[in-house]
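Numbering (this note's numbering), first residue to last: 73 to 127.
Here it is, written out as structure tokens:
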């Protein structure tokens, strides 16, 4: 909604509102982002063909 309001009327309060909502959106995305743990070693069967290649 903030983006549409900003497109209609370019005012300073709407700009601040848009910036605040975008900051909140980015904060939420960072808070709930997926984090993968690095592997300590490759999987045991890393060298085998993939299942679709076995045919």
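Ideal Cβ positions, reconstructed from N, Cα and C, are used throughout, including at glycine.
Does the distance from the C-beta atom of residue 84 to that of residue 74 stay below 8 Å? Translated into positions along the chain shown, residue 84 becomes position 12. Translated into positions along the chain shown, residue 74 becomes position 2. No, the pair does not count as a contact, with Cβ atoms beyond the cut-off.
For residue 113, does the three-state DSSP call read helix, strand or coil? Locating residue 113 in the chain shown gives position 41, where the first residue counts as 1. In the structure shown, residue 113 sits in coil (DSSP, three-state: anything other than H, G, I, E or B).
Hey, how far is the Cα of residue 124 from the Cα of residue 115? The sequence position of residue 124 within the chain shown is 52, counting from 1. The sequence position of residue 115 within the chain shown is 43, counting from 1. The alpha-carbon atoms of residue 124 and residue 115 are separated by roughly 18 Å.
Is DSSP giving residue 81 helix, strand or coil here? By 1-based counting over the chain shown, the position of residue 81 is 9. Looking at residue 81 - three-state DSSP - the assignment turns out to be coil, as it is neither helix nor strand.
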